[in-house]
Amino acid sequence: MKILVTGGAGFIGSHYIKQHLKQNPQDEIVNLDKLTYAGRLENLKEIEENPNYSFQKGDICNTQDVEKAIQGCEGVVNFAAESHVDRSIQSATEFIQTDVFGAYCLLEASRKQGIKKFVQISTDEVYGQILEGQFTEESLLMPRNPYAASKAGADRLAYSFFATYGVPVVITRSSNNYGSHQFPEKVVPLFVTNLIRGKKVPLYGEGKQIRDWLFVKDNCEAIEAVLKKGKNGEVYNIGGGNEIPNIELTKTILELMEQSDSMIERVPDRLGHDFRYSLNHEKISKELDWKPKTPFEQGLRETVEWYKENENWWKPLVK
Numbered sequence: 139m140k141i142l143v144t145g146g147a148g149f150i151g152s153h154y155i156k157q158h159l160k161q162n163p164q165d166e167i168v169n170l171d172k173l174t175y176a177g178r179l180e181n182l183k184e185i186e187e188n189p190n191y192s193f194q195k196g197d198i199c200n201t202q203d204v205e206k207a208i209q210g211c212e213g214v215v216n217f218a219a220e221s222h223v224d225r226s227i228q229s230a231t232e233f234i235q236t237d238v239f240g241a242y243c244l245l246e247a248s249r250k251q252g253i254k255k256f257v258q259i260s261t262d263e264v265y266g267q268i269l270e271g272q273f274t275e276e277s278l279l280m281p282r283n284p285y286a287a288s289k290a291g292a293d294r295l296a297y298s299f300f301a302t303y304g305v306p307v308v309i310t311r312s313s314n315n316y317g318s319h320q321f322p323e324k325v326v327p328l329f330v331t332n333l334i335r336g337k338k339v340p341l342y343g344e345g346k347q348i349r350d351w352l353f354v355k356d357n358c359e360a361i362e363a364v365l366k367k368g369k370n371g372e373v374y375n376i377g378g379g380n381e382i383p384n385i386e387l388t389k390t391i392l393e394l395m396e397q398s399d400s401m402i403e404r405v406p407d408r409l410g411h412d413f414r415y416s417l418n419h420e421k422i423s424k425e426l427d428w429k430p431k432t433p434f435e436q437g438l439r440e441t442v443e444w445y446k447e448n449e450n451w452w453k454p455l456v457k
């Protein structure tokens, strides 16, 4: 099978490409990425000589780039997105352009190409916040920031291509990912790299907001299951089963790095900060036989150690 992976130089995309080729060495992967600030070919160094892997620099919003990359492909996995909530609050333009119009360009090219499976990678943030209970795939989409709204728009656009044209679309919505090679603007690598440099960690408000954490390799396994066995037109929630208040996450990182609570710096809360996310992932467990495997403390410890041992990867990226 030949697969187009977009945004494959980024955090989750690069993990997915490496895992897919390791498990499916006969497959071919074309990686289309425009190499924004968060995309790094260094993430894929170990497979750059693999004859079944190729890279094309390009923009999913450029139809010529997309049509060139998709030639001969049977599957598409769309990771390409602007994904940092704080950046979307400051300026939403790039998020609407990449996340919505870019998805349209890929869907249209997939329709013309006769793609056999299109996996749209989304986020739990499209549901908004939930104070009690859990989101299921049937929950209403109530995004509360421009990033989440752009992803919700892309999800509905993807479904419309399934309903209207029969494009074999499936959508994954995962909770907060963590692991190696994550750009250090995100909370886990931000805190770890700050502490390595002796800097305090910025905690929004009281830190009572709750997030569900998912190890990136577990997410990639789930996406693989959806690509191979997911039912067209369906949504699959991918949760980690690790609901933790931000203050608890912060203290766990401090403990792993042998630092005290004095390294916490309280900062004003984010505009429209969702209080709690919680995903029910029974559907993917029952239908596709997937469950998260990595205990949170084990995955977090592995992540912390990676950043400690790979300063040459992240130091050029931080101020």
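For the sequence shown, this note's numbering assigns the number 139 to the initial residue and increments by one for each residue that follows.
All residues carry an ideal CB built from backbone N, CA and C; glycine is no exception.
Give the C-beta separation of R349 and N314 to the nearest angstrom, bearing in mind that I take them to be a contact with Cβ-Cβ under 8 Å.
Numbered from 1 along the sequence shown, position 211 holds the residue referred to as residue 349. Numbered from 1 along the sequence shown, position 176 holds the residue referred to as residue 314. Right, the Cβ-Cβ distance comes to about 5 Å (below 8 Å), so this counts as a contact.
Compute the distance between the beta-carbons of V354 and G377, then report whether it is under 8 Å.
Locating residue 354 in the sequence shown gives position 216, where the first residue counts as 1. Locating residue 377 in the sequence shown gives position 239, where the first residue counts as 1. Cβ atoms of V354 and G377: not closer than 8 Å.
Measuring alpha carbon to alpha carbon, tell me which of A301, P284, V264, N357 ends up nearest F233.
Numbered from its first residue, the sequence shown carries residue 233 at position 95. Closest by alpha carbon: P284.
Is DSSP giving N181 helix, strand or coil here?
Translated into positions along the sequence shown, residue 181 becomes position 43. In the structure shown, N181 sits in a helix (DSSP, three-state: H, G or I).
Please go through the segment 400-436 and give each complete alpha helix (DSSP H) segment of 4 or more residues, from N-terminal end onward.
420-426
DSSP three-state call for K195: helix, strand or coil?
As a working note, residue 195 is residue 57 in the sequence shown. Three-state result, K195: strand.
So, does the segment 435-452 touch the segment 399-410, judging by three or more C-beta pairs under 8 Å?
With a cut-off of 8 Å, the segment 399-410 and the segment 435-452 do not count as touching, because too few Cβ pairs lie within range.
Please state the DSSP three-state secondary structure of P340.
Translated into positions along the sequence shown, residue 340 becomes position 202. P340 falls in the strand class under three-state DSSP.
Inter-residue Cα distance where the pair is G437 and I253
Position 299 of the sequence shown, counting from 1, holds the residue named residue 437. Position 115 of the sequence shown, counting from 1, holds the residue named residue 253. The alpha-carbon atoms of G437 and I253 are separated by roughly 35 Å.
Helix, strand or coil for V456 per DSSP?
Walking along the sequence shown from the start, residue 456 turns up at place 318. Three-state result, V456: coil.
Starting from the C-beta of W452, find all residues in its chain whose C-beta is less than 8 Å away, skip the five residues before and the five after it, and write them out in chain order.
In the sequence shown, counting from the first residue as 1, residue 452 sits at position 314. Residues of the same chain with a CB within less than 8 Å of the CB of W452, apart from the 5 flanking positions on each side, are P322, P327, T331, Y445 in chain order.
Touching or not, the segment 283-303 and the segment 155-170, by the rule of three or more beta carbon pairs under 8 Å?
no
Grouping DSSP H, G and I as helix and E and B as strand, with all else coil, what is G213?
One-based indexing of the sequence shown puts residue 213 at position 75. Looking at G213 - three-state DSSP - the assignment turns out to be strand.
Whose CA, out of N216, K255, Q228, D224, lies closest to the CA of F239?
Taking the first residue of the sequence shown as position 1, residue 239 is located at position 101. That would be N216, whose Cα lies nearest to the Cα of F239.
Output yes or no for whether 8 Å exceeds the beta carbon distance between K255 and G213.
Within the sequence shown, the letter at position 117 stands for residue 255. Within the sequence shown, the letter at position 75 stands for residue 213. Yes.
Bridge partners of Q258, per DSSP?
Counted from its first residue, the sequence shown places residue 258 at position 120. N216, I309.
In terms of DSSP beta bridges, what is N315 paired with?
Residue mapping note: residue 315 aligns to position 177 of the sequence shown, counting from 1. The partner list for N315 (beta bridge, DSSP) reads L352.
Measuring straight from C-alpha to C-alpha, what distance separates L392 and S398?
If you number the sequence shown from 1, residue 392 lands on position 254. If you number the sequence shown from 1, residue 398 lands on position 260. Spanning the two alpha carbons is a distance of roughly 6 Å.
C-alpha gap between I155 and H419, whole angstroms:
For the purposes of this step, residue 155 is identified with residue 17 of the sequence shown, where counting begins at 1. For the purposes of this step, residue 419 is identified with residue 281 of the sequence shown, where counting begins at 1. Straight through space, the alpha carbons of H419 and I155 are spaced by roughly 23 Å.
Taking the CB atoms as reference points, tell me whether V143 and N169 lie closer together than 8 Å.
Position 5 of the sequence shown, counting from 1, holds the residue named residue 143. Position 31 of the sequence shown, counting from 1, holds the residue named residue 169. Yes, they are a contact pair.
Spatial distance of E440 from G146 (CA atoms)
For the purposes of this step, residue 440 is taken as residue 302 along the sequence shown, with counting starting at 1. For the purposes of this step, residue 146 is taken as residue 8 along the sequence shown, with counting starting at 1. About 22 Å.
So what's N450 in DSSP terms, helix, strand or just coil?
For the purposes of this step, residue 450 is identified with residue 312 of the sequence shown, where counting begins at 1. In this structure, N450 counts as helix in the three-state DSSP scheme.
Are A360 and T310 touching if we call contact CB-CB under 8 Å?
In the sequence shown, the residue the question calls residue 360 occupies position 222. In the sequence shown, the residue the question calls residue 310 occupies position 172. For A360 and T310, yes; Cβs fall inside 8 Å.
Quick one: what does DSSP say K140 is sitting in, helix, strand or coil?
Against the sequence shown, residue 140 aligns to sequence position 2. Three-state result, K140: strand.
Between which two residues does the beta strand (DSSP E) holding V330 run?
Here residue 330 refers to the residue found at position 192 when the sequence shown is read from its first residue. Unbroken run through V330 is the alpha helix (DSSP H), 325-334; no beta strand (DSSP E).
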